[in-house]
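Going by our numbering, the letters in the sequence shown line up with residues 335 to 595, in that order.
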Amino acid sequence: MMKVQDVVDYLDQLAPPDLAAAGDNVGLLVGDPAAAVTRIMTALTLSEDVAEEALRERASLVIVHHPVIYRPISRIVTSDPVGRVLWRLARGGVSVYSPHSAWDSAMQGINQQWAELLGLGRIGPLDEPRPDGAGSGRYGELPAPQTLAELTDKVKSLLNISRVGVVGDLQSRVQIVGIACGSGAELIPLALRRQCHVLISGEMTYHRCLLARASGLSLLLVGHFASERFAMERLAAMLSQKFPQVSVWCSRQESDPIIWA
């Protein structure tokens, strides 16, 4: 019988915890490593509706990108949204694992998947690579230069989204593309150092957008949800292949909290 620890061992190999950003809370956050696993659900964020799905569908383990426990908490009570989720999952015997920034940076992780999805060549981390080639963000070259407008349309088509925030001249030519999933503002200096023409990310503050524009770096901002959710769907497929005896799915209840009107 497969146990939680078996899945943890695979995930720790796929997204080594030492790749995580300083202070990030990755790994098994809730549960018993010796507990049996028969059903696994992946999701981007463990919101209350996602937790309800996990309980309703009798998940043994939820693999959620964003840690449900990020900073130390002093109490678990149902009057608090996080406490309510933790209490219900613990009572239901549901374990929770989060790979977060380790999955962002891993060799098969979110930013690498982005680079491959775009068909980039000469892919590498935005920061200095480790011996295994992993690292923060990604950058690479499109097969040929194209306009920022053409790249914008390609990204929208790949993610099946209708709107993208753009910083820069839509008619400018771009070829070197940087990628920083989620909130990627901290990687702007690295994208500039790699001479990227454009950085694709989920979201950034107004002032970071101004900084990028002043530095000559275009931005494509697809939304935090869209920039990462697809990789949790792919993770579910990877887990299904690795553990065929277990039922694995990506949350069918989860949705972007932002309505792009």
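Ideal placement from N, C-alpha and C gives every residue a C-beta, glycine not left out.
Please list the terminal residues of the continuous beta strand (DSSP E) segment that includes residue i.
{"i": "P523", "result": "Careful: P523 lies outside any beta strand (DSSP E), inside the alpha helix (DSSP H) at 522-527."}
{"i": "E475", "result": "472-481"}
Between which residues of its own chain and residue i is the CB-CB distance below 6 Å, once the five residues before and five after are set aside?
{"i": "R547", "result": "V501"}
{"i": "I397", "result": "T376, Y431"}
Which same chain residues, not among the five before or five after residue i, have their C-beta less than 7 Å away from its C-beta?
{"i": "H344", "result": "Residue 344 is actually Tyr in this sequence, not His. Closer than 7 Å at the Cβ level, and outside the excluded window around Y344, lie K576."}
{"i": "I444", "result": "W437, D438, C515, E562, A565"}
{"i": "A393", "result": "R373, I374, M375, V428"}
{"i": "P463", "result": "G469"}
Give me, in chain order, the residues of the same chain whose beta-carbon lies closer than 8 Å to that of residue i; leave out the 5 immediate sequence neighbours on both sides.
{"i": "T481", "result": "L504, Q505, S506, R507, V508"}
Considering only C-alpha positions, which residue in the set the options is nearest to residue i?
{"i": "V341", "options": "N494, G361, T486", "result": "G361"}
{"i": "A355", "options": "C530, G471, M572", "result": "G471"}
{"i": "S535", "options": "A595, S549, S517", "result": "S517"}
{"i": "I592", "options": "V556, R586, E567, T372", "result": "V556"}
{"i": "R542", "options": "R527, L521, T412", "result": "L521"}
{"i": "R422", "options": "A370, E391, G455, E382", "result": "E382"}
{"i": "H531", "options": "S552, E462, L378, D414", "result": "S552"}
Tell me the DSSP secondary structure of residue i in three-state form.
{"i": "G361", "result": "strand"}
{"i": "M572", "result": "helix"}
{"i": "T376", "result": "strand"}
Tell me the rounded alpha-carbon separation between residue i and residue j.
{"i": "V489", "j": "M441", "result": "21 Å"}
{"i": "Q475", "j": "A468", "result": "It is worth fixing the name first, because residue 475 is Glu in this sequence and not Gln. Rounded to the nearest angstrom, the two C-alpha atoms are 18 Å apart."}
{"i": "M335", "j": "L573", "result": "16 Å"}
{"i": "D487", "j": "V364", "result": "41 Å"}
Along the alpha helix (DSSP H) that carries residue i, what are the first and last residues, could you check?
{"i": "A369", "result": "Per DSSP, A369 belongs to no alpha helix (DSSP H) and is neither H nor E."}
{"i": "Y344", "result": "338-348"}
{"i": "Y540", "result": "540-548"}
Does the CB of residue i have a neighbour CB from chain D at under 8 Å?
{"i": "V416", "result": "Any reference to chain D falls outside this structure, which holds one protein chain only."}
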